[in-house]
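The structure appears below as structure tokens.
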């Protein structure tokens, strides 16, 4: 449920933050709030993971929910005051919440058997399927509830933070480990230079970086091609459905096809998305392309997380998870930060070509990793 709520916030932000930025600033700066949001996730991820290693997950999750409440309220106030600076700062606060929420998938597998990881990771991500319908539709229904457009959506986001805090208050987690460093923790270079760790990292970076950049500018692109807010909200909704619906059969696919094959298929969906958007700008084309993008994200992100979990020992988990997510959300933040300016300066076709290149890069790294990598000893 907390995963579903966090994705509700994320999908709502994607729907309204770029348009909010466009209202309060120039088109070249419209993705700045979304970029700050993801860069905050990247900058805080490692620190939050180390804090969880020391104090446990629950206190950090509760604090993160309070940041959601504060960020939503401040964003609503920013829209009422027409303050772009406050809107950007609210994105920072919401980024802290998102950073804690993105570790929910790791919390579930802290003491699970390795063979259960694909199923458990996909199940906790499946909570986002609820958000696929809640987020964009709540954004559409609440965007004009207050005097300033989109202020009502941000108040709704603050309410989601309150509900997350209430639910998380009842949760119980595995206590943080107390390792004997010389025996339980390997040298950093041994971990981060392993081909499978690099493969997992690149899959995560491409999955989130390319998806965030393309999804972030899609509402603006659709508007420029004459499609309204309802059409863009519907596109984002079905994109989010496609992001999480495959979670119900992801574990089965891994068993039948193998993890590396699933990762390759995910990269293929990214390339398919760009082919569709390159040749057509119709509403249905945006729908189909963003669905392909969502499926590709699920396969690469869930698969990358599954592969990452095979590369570390229990005592190394917070460190490795922090390193991985720092790079993953740094790529996401950078693409969100510069995607608006890139689109304005170079055009839609060049932007689509960049996403295609990233998909090809992911496929190449997976192929190399499948040939060079063997699962390292994690016992």
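In the numbering used here, the protein residues as written are 8 to 386. All residues carry an ideal CB built from backbone N, CA and C; glycine is no exception.
Coarse secondary structure for residue i, derived from DSSP in three states
| i | result |
| --- | --- |
| residue 181 | coil |
| residue 65 | helix |
| residue 371 | helix |
| residue 152 | coil |
| residue 7 | The requested residue 7 does not occur in the structure, where the chain is confined to residues 8 to 386. |
| residue 353 | helix |
| residue 324 | helix |
| residue 234 | coil |
| residue 38 | coil |
| residue 194 | coil |
| residue 9 | helix |
| residue 319 | coil |
| residue 201 | coil |
| residue 176 | coil |
Identity of the residue in the options nearest residue i by Cα
| i | options | result |
| --- | --- | --- |
| residue 323 | 61, 12, 43 | 61 |
| residue 282 | 172, 363, 67 | 363 |
| residue 103 | 74, 87, 113, 82 | 74 |
| residue 179 | 89, 117, 201 | 117 |
| residue 172 | 290, 90, 108, 335 | 108 |
| residue 376 | 340, 201, 120, 72 | 201 |
| residue 373 | 123, 21, 327, 273 | 273 |
Cβ of residue i within 8 Å of any chain D Cβ
| i | result |
| --- | --- |
| residue 109 | Reference to chain D is not applicable here, since this structure consists of a single protein chain. |
Straight-line gap, residue i to residue j (C-alpha atoms, nearest Å)
| i | j | result |
| --- | --- | --- |
| residue 26 | residue 84 | 16 Å |
| residue 313 | residue 169 | 31 Å |
| residue 208 | residue 331 | 6 Å |
| residue 13 | residue 135 | 8 Å |
| residue 50 | residue 337 | 7 Å |
| residue 388 | residue 293 | The question about residue 388 has no answer here: the residues shown for the chain are numbered 8 through 386. |
| residue 244 | residue 194 | 43 Å |
| residue 141 | residue 271 | 30 Å |
| residue 305 | residue 203 | 18 Å |
| residue 120 | residue 349 | 44 Å |
| residue 164 | residue 182 | 30 Å |
| residue 262 | residue 253 | 14 Å |
| residue 159 | residue 234 | 23 Å |
| residue 232 | residue 318 | 45 Å |
| residue 214 | residue 307 | 6 Å |
| residue 148 | residue 166 | 15 Å |
Self-check item: Sequence ranges, alpha helix (DSSP H) only - wholly within the region 258-299, length at least 4
Solution: 266-286
Quiz item: For the 8 Å Cβ check, are there 3 or more pairs between the region 50-70 and the region 347-363?
Solution: no
Quiz item: Should the region 62-76 be called in touch with the region 259-271, which here means at least 3 C-beta pairs below 8 Å?
Solution: no
Exercise. Give, in chain order, every unbroken run of the alpha helix (DSSP H) that is at least 4 residues long and sits entirely within the region 56-120.
Key: 64-88, 91-108, 111-115
Practice problem: Check whether the region 81-96 touches the region 120-133, counting contact only when three or more Cβ pairs, one atom from each stretch, lie closer than 8 Å. | Solution: no
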